[in-house]
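One structure is given below, encoded as structure tokens.
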Amino acid sequence: MTQQEFEAPQPGDPIARDGESLIYLVTSVKCRYTEVIVHTVRVIHTKAFEQWERVEDNAGISFLPTDSDKLPDFNLLPIALNEQGNPKLNKHGNPIHEWTRFQREIPSAQWIHKWPNAWGIAIIGGKVSGNLYCMDFEAKDHKHGPMESIYPEWEKLVKAELIRLGYPDLFGQFPITKTMNGGIHIRWRVLGDKKLKNDKLAFAWSGDTQDGKPIANCLIEAKAEGGYALCPPSPGYEMVQGDNTQPPAVPFDLHETLVSIGVSFHSAMAIPDEPAHRSRKDVASVWGILPTDHGKTWPACGAFYEKEEKNEVDLASGC
Numbered sequence: 407m408t409q410q411e412f413e414a415p416q417p418g419d420p421i422a423r424d425g426e427s428l429i430y431l432v433t434s435v436k437c438r439y440t441e442v443i444v445h446t447v448r449v450i451h452t453k454a455f456e457q458w459e460r461v462e463d464n465a466g467i468s469f470l471p472t473d474s475d476k477l478p479d480f481n482l483l484p485i486a487l488n489e490q491g492n493p494k495l496n497k498h499g500n501p502i503h504e505w506t507r508f509q510r511e512i513p514s515a516q517w518i519h520k521w522p523n524a525w526g527i528a529i530i531g532g533k534v535s536g537n538l539y540c541m542d543f544e545a546k547d548h549k550h551g552p553m554e555s556i557y558p559e560w561e562k563l564v565k566a567e568l569i570r571l572g573y574p575d576l577f578g579q580f581p582i583t584k585t586m587n588g589g590i591h592i593r594w595r596v597l598g599d600k601k602l603k604n605d606k607l608a609f610a611w612s613g614d615t616q617d618g619k620p621i622a623n624c625l626i627e628a629k630a631e632g633g634y635a636l637c638p639p640s641p642g643y644e645m646v647q648g649d650n651t652q653p654p655a656v657p658f659d660l661h662e663t664l665v666s667i668g669v670s671f672h673s674a675m676a677i678p679d680e681p682a683h684r685s686r687k688d689v690a691s692v693w694g695i696l697p698t699d700h701g702k703t704w705p706a707c708g709a710f711y712e713k714e715e716k717n718e719v720d721l722a723s724g725c
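Residue numbers for the sequence shown follow my numbering, beginning at 407 and rising by one.
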């Protein structure tokens, strides 16, 4: 589309039809990001547009605007209210903005109209987006330098397992995005109503230390309930496969299999020159966030398990 196509309509007007979705003009042609936001509204055609015309193939995806640091652009987001319905204020007396509203509901057209200058767009995971789950394969280390992604190895194992389980065509349905740092986002929905959590799924020791303690690089992160991950057309993000508005839905047990294969790459188990058994709090002080929520999916590889009676973790066992 060219900018000339957007000169006549006013914001909010339907201007064209593309397949099953309507294209709406979000802002004026003078806006730097008009084409980006219009493209986003067209692709992520949500329930918010029922007030104009219900689209037949509704994506049901929630999203939010981000700044160039990939953080929620709070200047464009709703003001948080207290129990009395009054704006919450920070210590300087200014209103506090929040993005949690869009963890509960898909943004309306009125809100999208406020986002013409957003640097990027992020898809929100979890229940609001149909139990959406995103695995984020990192390609950047703790120094923000390049790091070899384990995604190709994970993909190879997953494809083989899906064939073995009778899902030979499923992998080709997963939306896959390449990130601005060379990482990979892969998304799917999970059938059922179990809460999907944000998590750090796998770490590897970096070989560096801080204050005498070893530092681990995060290899895989999960973005689900209460989490988000950027997507095209945000700068530097591109689709490798599929469509982020059409993630396949998989049974929960298959979801656990996909996650478990990722967790099997976790190699930062034994802390060098430290006892094998340490309290969770002690380990967390070295390691950061522990991915204990996936304990029940780990026994197959023996990478990690929690001793409930003593509230300890075994860091010595490995795959």
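For every residue, glycine included, the Cβ atom is placed at its ideal position computed from N, Cα and C.
Owing to the predicted nature of the structure, the values given are computational and were not obtained by experimental measurement.
Here the C-alpha atom of Ser555 lies approximately 36 Å from the C-alpha atom of Pro484. For Gly642, same chain residues with a beta-carbon under 6 Å away, outside a window of 5 residues either side, are Met586 in chain order.
Bridge pairing for Arg593: Cys540 [DSSP]. Of all C-beta pairs linking the region 514 to 526 to the region 592 to 602, fewer than three are shorter than 8 Å, placing the two stretches out of contact. Excluding residues up to 5 positions away in sequence, Glu544, Ala545, Lys546, Asp547 and Asn623 lie with their Cβ nearer than 7 Å to the Cβ of Met553 in the same chain. For the region 561 to 620, the continuous beta strand (DSSP E) assignments of 3+ residues that do not extend past its boundaries occur at 582 to 584, 590 to 596 and 605 to 616, in sequence order. As a beta-bridge residue in DSSP terms, Lys629 pairs with Cys540. As the crow flies, the alpha-carbon of Gly551 is around 15 Å from that of Ala610.
Here Leu664 is buried, its C-beta having at least 16 other C-beta atoms within 10 Å. For Phe469, no alpha helix (DSSP H) run applies; the uninterrupted beta strand (DSSP E) run containing it begins and ends at Phe469 to Thr472, by DSSP.
Contact between the region 601 to 610 and the region 624 to 634 is present, with at least three C-beta pairs closer than 8 Å. Contact between His503 and Phe480 holds, with the beta-carbon distance rounding to 4 Å and staying under 8 Å. Judged by pairs of C-beta atoms under 8 Å, the region 569 to 577 does not touch the region 521 to 535, as fewer than three such pairs exist. Rounded to whole angstroms, the separation of the alpha carbons of Ser612 and Leu487 is 43 Å. With distances taken between CA atoms, Ser670 lies nearest to Leu563 out of Leu602, Pro638 and Leu563. Going by C-alpha positions, Ile621 is about 12 Å away from Ser673. Shown here, Gly668 sits in a helix according to DSSP, grouped into three states.
Taking the C-beta atoms as reference points, Pro478 is found no nearer than 8 Å to Trp521.
Between the alpha carbons of Pro654 and Thr615 lies a distance of about 41 Å.
Inclusion of Asn650 and Leu602 in the CB contact set at 8 Å is not warranted, their separation being larger than that value. Counting only the Cα atoms, Gln652 lies some 35 Å from Lys549. Under a 10 Å Cβ-count criterion, Ser474 is classified as exposed, with fewer than 16 other Cβ atoms of the shown protein chains found around its own Cβ. Annotation: Ile527 is outside any alpha helix (DSSP H); the continuous beta strand (DSSP E) that includes it extends over Gly526 to Ile530. The beta carbons of Gly668 and Ile582 sit about 14 Å from each other, so the pair does not count as a contact at 8 Å.
By alpha-carbon distance to Pro501, the top candidate from Gly589, Pro493 and Ile569 is Pro493.
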